[in-house]
């Protein structure tokens, strides 16, 4: 929660009524999602002290919780629709990245086992690629690399902005696109943090490592399955065209992928 306070209040003046109202609205929506009543009360008090508004007033301003009966009948359907927008491979990729951004000290083992090609979804793939560039920057000293393991999002975004803007052949239009990319990356980082808090809150290091291992295995399996489907489509097309040379090549590759998948299943 400290992170959310820092992000929300950055650049805002708590003495300004509009900024105060804007910050309170964002923080209250997060506090409202906290299931533990003691933790929720604690952060409500912190917010009250920060913006100098009585807790009772903040409680009244807090978004009303949806009753469970309504939740089951209506909002669950909305949640299911949102989940269906992601493929299984994209969902696994998000879980993998959520653990990475919250536990960046696992980066060495994670990057050793998962390449960018194993990550699915454009935003996920772009973020993972940039995080690997960031961590593996050859200009970093060993001390700087250790500091990076804390993964401060603002520092990362600042680095990413400099990295993207200094690319050759940039122009005014590409600068606008880069600014949008930076905003998308930061929003995605924030979303992944919320996902990690929801899925893995309170888990010990050993449990997290076990979850990471499972996700790594799942990503590799998903990657193979997707490549197999692509090959099966190519085989179907080659059969229609009576292209025996391509068929032989595709069947060899398909057998290789099947063998790899079977090894992962052992």
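In this note's numbering, the protein residues as written are 1100 to 1365. Just so it is clear, CB atoms sit at the ideal spot from N, CA and C, and this is done for glycine as well.
Comparing alpha-carbon positions, the option among 1225, 1133 and 1236 lying closest to residue 1161 turns out to be 1133.
Contact check for residue 1203 and residue 1318: beta-carbon distance about 18 Å, past the 8 Å limit, so the pair fails to qualify. Under the three-state reduction of DSSP, residue 1267 is assigned to coil, being neither helix nor strand.
Two segments are said to touch when three or more pairs of C-beta atoms, one from each, lie closer than 8 Å; by this definition the region 1279-1298 touches the region 1241-1258.
With contacts defined by Cβ atoms closer than 8 Å, residue 1363 and residue 1316 form a contacting pair. Residue state for residue 1152 is assigned as coil, using DSSP reduced to three classes. Between the region 1341-1355 and the region 1209-1219, the count of Cβ pairs shorter than 8 Å is below three; the stretches do not touch. Around the CB of residue 1350, fewer than 16 other CB atoms lie within 10 Å, so the residue is classed as exposed.
Rounded to whole angstroms, residue 1159 and residue 1215 show a C-alpha spacing of 46 Å. Within the region 1199-1225, the runs of alpha helix (DSSP H) that reach at least 4 residues and sit entirely inside it are, in chain order, 1206-1212. With a contact defined as Cβ atoms closer than 8 Å, residue 1198 and residue 1311 qualify at about 6 Å.
Only residues of its own chain outside the window of five on either side were considered, and among them 1277 have a CB closer than 6 Å to the CB of residue 1263, listed in chain order. Inclusion of residue 1356 and residue 1327 in the CB contact set at 8 Å is warranted, their separation being smaller than that value. Cβ atoms of residue 1146 and residue 1126 come within 8 Å of each other, at about 5 Å. Counting other Cβ atoms within 10 Å of its Cβ, residue 1301 stays below 16 and is therefore classed as exposed. Annotation for residue 1325: the continuous alpha helix (DSSP H) segment containing it runs 1304-1339.
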